[in-house]
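Since the structure comes first, as structure tokens, the remarks are kept for the end.
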Amino acid sequence: MSSATSASPSPPSALDRARKKAFYRIIPLLFISYMIAYVDRQNVAVAKLTMTKDLVGFTDAVIGFGAGIFFIGYFLLEIPGSLIVEKWGARRWISRIMVTWGIMAALTAAVHTPVQFYTVRFLLGLAEAGFFPGVIVYLTHWFTDRDRSKALAMFLVATPFAQMVSPKISYLLLKIGTTEVVNGQTITHPLVLGMTGWQWVYVFWGIPAVMMGLIVFFIMKDRPRQASWLTDEEKEALESELERERAVRSRGKRMKVTEALRHPKVLLMAWAYFSIVTCSYSIEFFMPSVLNDWYHMNLNTLTWLIILPPALALVGQLVGGWSSDHFQERRLHACLPIVVGATALACAPMTQGNLPLTVACFMIGFAGFKTYMPAFWSLPSTFLTQAAAAGSIGLINSFGNLGGALGPYIMGKVKTVTGSFVGGLYFISCSMLLSAIIIYFLGLGVRKKEKEEAEEQKVLDGLPEK
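Those letters in the sequence shown? Residues 1193 to 1658, by the working numbering.
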């Protein structure tokens, strides 16, 4: 054999095999679940386009308050939910969440008064509480530090994907029970089972949540050691690596949950998340209304246009997650997209009358408040472990999501009082910038220097082998 012949590549290690399997076995299930969750949370943005015409008293302020009250219920059970995932396991808890939220989402079709709408939205928040932080905690049970931001990105892109897929489906459903003029001819779409279009939007998207809840119960595995699709060697390698990383982060001191919930950095992260969620949900709930208010377009055109911002956001999240893991840097990967997005939203009011520029501003704004997420949600696990990390993630998400109550309420109230969305857009842009400032000065997620990496490796090398 010639000496010039290159040696065949060595086979992947047990750890690398386990890491690869985790991606294609776990992420698709979580992706679909989160996509459905987001549609059920957000479909009021499309349903309101005809719902406000059918129901007396449903103003923008009512819709904004109802959209936001979801997060009050969400807040109450968020921390307990994330701790349950750490202690009890994700499979049963996430399954329970999905079944109950699917039922509550479908019941929104039965509302006739603002009070009923508020009640169902509040109960939907209670039902869904714990899902998002539970998944964030669950990913720490499966993905090592070098893969976590990428795994988060692949999970989080479910939200822009949902916002791309759902509008056109919801638009077709909205036609039920309505009359429209097509090519000069009046066409009446009959009711289906006695329900009109906006009611079917809620029912149609509630059913998959219940179905996915049952699938999660029978398919999801809480820990690598329970997975039949991993060999014994792969289970041992992945569990060992995850335990080593937890030991490095704890550095001999395990922080209690109560200490983590009082930690200044945890509280500041909650404030930062609150500030950006105030913006993101405002835009997600009211972007269709803003475009309709400024340009008075038909529903078909409108539902095509609102797909474009989440399409750019999807690309941004994937690229941001990959880049953050590649460079092992979190802070700038979180801050820069937020600043760019806030600037674009602040410019949006100045583009009225120019539809392409307006859509471009919303696209960049959307990308900004989505791209930061993989890096941001990798930050708690840089200084916390196990129950402390679970509790802190629950606190950050629950308090932060209260911004989802504030932002839509302000947008709707400003529109009702002033007749314009401009003041609301300026407010949420400033809120977004505040988030970037807080994250930057936290001092977390800075790229490791060679000396720090060497010290961490010494700690790893000093740990006993399992």
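For each residue, glycine too, the CB sits at the ideal point set by N, CA and C. In this text the structure is predicted, and so the values were computed from the model without any measurement.
Q: Use the C-beta contact count for residue 1397: other C-beta atoms within 10 angstroms, 16 or more gives buried, fewer gives exposed.
A: Here residue 1397 refers to the residue found at position 205 when the sequence shown is read from its first residue. Burial call: buried.
**Q.** residue 1713 classed as buried or exposed, judged by whether at least 16 other C-beta atoms fall within 10 angstroms
**A.** Residue 1713 cannot be examined here, being either before or after the span of the chain that is shown, 1193 to 1658.
Q: Look at the Cβ atom of residue 1595, then the Cβ atom of residue 1469, and state whether they are nearer than 8 Å.
A: For the purposes of this step, residue 1595 is identified with residue 403 of the sequence shown, where counting begins at 1. For the purposes of this step, residue 1469 is identified with residue 277 of the sequence shown, where counting begins at 1. It is a contact, given that the beta carbons lie within the stated cut-off.
Q) Using 8 Å as the Cβ pair cut-off and three pairs as the minimum, do the stretch 1556-1574 and the stretch 1426-1436 touch? A) As far as the Cβ criterion goes, the stretch 1556-1574 does not touch the stretch 1426-1436, which means the pair count is below three.
(Q) Using the Cβ count rule (16 or more neighbours within 10 Å means buried), how would you classify residue 1405? (A) Position 213 of the sequence shown, counted from the first residue, corresponds to residue 1405. The residue in question, residue 1405, is buried, as its Cβ has 16 or more Cβ neighbours within 10 Å.
(Q) Quick test of your reading: residue 1263 and residue 1597, contact by CB under 8 Å. State the CB separation rounded to the nearest angstrom. (A) Position 71 of the sequence shown, counting from 1, holds the residue named residue 1263. Position 405 of the sequence shown, counting from 1, holds the residue named residue 1597. Yes, residue 1263 and residue 1597 are in contact; Cβ-Cβ is about 4 Å, under 8 Å.
Q: Would you kindly report the start and end of the unbroken alpha helix (DSSP H) that includes residue 1377?
A: Residue numbering aside, residue 1377 sits at position 185 when the sequence shown is read from its first letter. That residue, residue 1377, is in no alpha helix (DSSP H); its beta strand (DSSP E) goes 1377-1380.
(Q) Distance check for residue 1625 and residue 1184, CA to CA, integer angstroms please. (A) Residue numbering for the chain in the displayed model covers 1193 to 1658; residue 1184 lies beyond these limits and cannot be assessed.
Q: May I have the straight-line CA-CA distance separating residue 1234 from residue 1204, to the nearest angstrom?
A: In the sequence shown, residue 1234 corresponds to position 42, counting from 1. In the sequence shown, residue 1204 corresponds to position 12, counting from 1. Residue 1234 and residue 1204 have their alpha carbons spaced roughly 42 Å apart.
Q: Below 7 Å CB to CB, which residues in the same chain sit around residue 1342 once its five sequence neighbours on both sides are set aside?
A: Numbered from its first residue, the sequence shown carries residue 1342 at position 150. The answer, listed in chain order, is 1513, 1514, 1517.
Q. Taking the DSSP output, what are the residues bridged to residue 1387?
A. On the sequence shown, residue 1387 is found 195 positions in, with the first residue counted as 1. Partner(s): 1384.
Q) Going by Cα to Cα distance, which pick from 1484, 1355, 1246, 1284 is closest to residue 1301? A) As a position in the sequence shown, residue 1301 is number 109, starting the count at 1. When only C-alpha atoms are compared, the closest one is 1246.
**Q.** Which listed residue (1298, 1363, 1322, 1324) has its alpha carbon closest to that of residue 1313
**A.** Position 121 of the sequence shown holds residue 1313. Of 1298, 1363, 1322, 1324, the residue nearest in Cα terms is 1298.
Q. So is residue 1509 in contact with chain D if we call contact Cβ pairs under 8 Å?
A. Looking for chain D here will not work: only one protein chain is present.
Q) Going by other Cβ atoms of all chains shown within 10 Å of its Cβ, with 16 needed for buried, is residue 1606 buried or exposed? A) Counted from its first residue, the sequence shown places residue 1606 at position 414. Burial call: buried.
Q. What residues are listed by DSSP as bridge partners for residue 1372?
A. As a position in the sequence shown, residue 1372 is number 180, starting the count at 1. Beta-bridge pairing links residue 1372 to 1379.
Q | Whole-Å CB distance - residue 1522 paired with residue 1570, under 8 Å assumed | A | By one-based count along the sequence shown, residue 1522 stands at place 330. By one-based count along the sequence shown, residue 1570 stands at place 378. Taking C-beta atoms under 8 Å as the contact rule, residue 1522 and residue 1570 qualify, at a distance of about 5 Å.
**Q.** Span separating the alpha-carbon of residue 1193 from that of residue 1335
**A.** Walking along the sequence shown from the start, residue 1193 turns up at place 1. Walking along the sequence shown from the start, residue 1335 turns up at place 143. The predicted position of residue 1193 is uncertain, since its pLDDT is 45 and thus under 50; a value taken from the coordinates is nonetheless stated next. One C-alpha to the other measures close to 42 Å.
Q) What does a CB cutoff of less than 6 Å around residue 1331 pick up in its chain, not counting 5 residues either side in sequence? A) Within the sequence shown, the letter at position 139 stands for residue 1331. Excluding residues within five positions, the ones whose Cβ falls inside 6 Å are 1343.
Q: Under the assumption that residue 1283 contacts residue 1409 (Cβ atoms under 8 Å), give the Cβ distance between them as a whole number of angstroms.
A: Translated into the one-based positions of the sequence shown, residue 1283 becomes position 91. Translated into the one-based positions of the sequence shown, residue 1409 becomes position 217. A Cβ-Cβ separation of about 6 Å places residue 1283 in contact with residue 1409 under the 8 Å criterion.
Q | Own chain, CB closer than 8 Å to residue 1290, minus 5 neighbours either side, in chain order | A | Taking the sequence shown and counting its residues from 1, one reaches residue 1290 at position 98. 1225, 1228, 1229, 1323, 1401, 1402, 1404, 1405, 1408.
Q. Measuring CB to CB, does residue 1269 end up less than 8 Å from residue 1316?
A. To locate residue 1269, count along the sequence shown from 1; it is residue 77. To locate residue 1316, count along the sequence shown from 1; it is residue 124. For residue 1269 and residue 1316, no; Cβs fall outside 8 Å.
Q: Check whether the Cβ atoms of residue 1368 and residue 1388 sit closer than 8 Å, and answer yes or no.
A: The residue you call residue 1368 lines up with position 176 of the sequence shown. The residue you call residue 1388 lines up with position 196 of the sequence shown. Yes, the Cβ-Cβ distance between residue 1368 and residue 1388 is below 8 Å.
(Q) Rounding to the nearest angstrom, what Cα-Cα distance links residue 1354 and residue 1223 in this structure? (A) The count along the sequence shown starts at 1 and reaches residue 1354 at position 162. The count along the sequence shown starts at 1 and reaches residue 1223 at position 31. Distance between the alpha carbons of residue 1354 and residue 1223: 10 Å.
**Q.** Assigned secondary structure, residue 1414 (DSSP; H/G/I helix, E/B strand, else coil)
**A.** Residue numbering aside, residue 1414 sits at position 222 when the sequence shown is read from its first letter. Judged by DSSP in its simplified three-state form, residue 1414 adopts coil rather than helix or strand.
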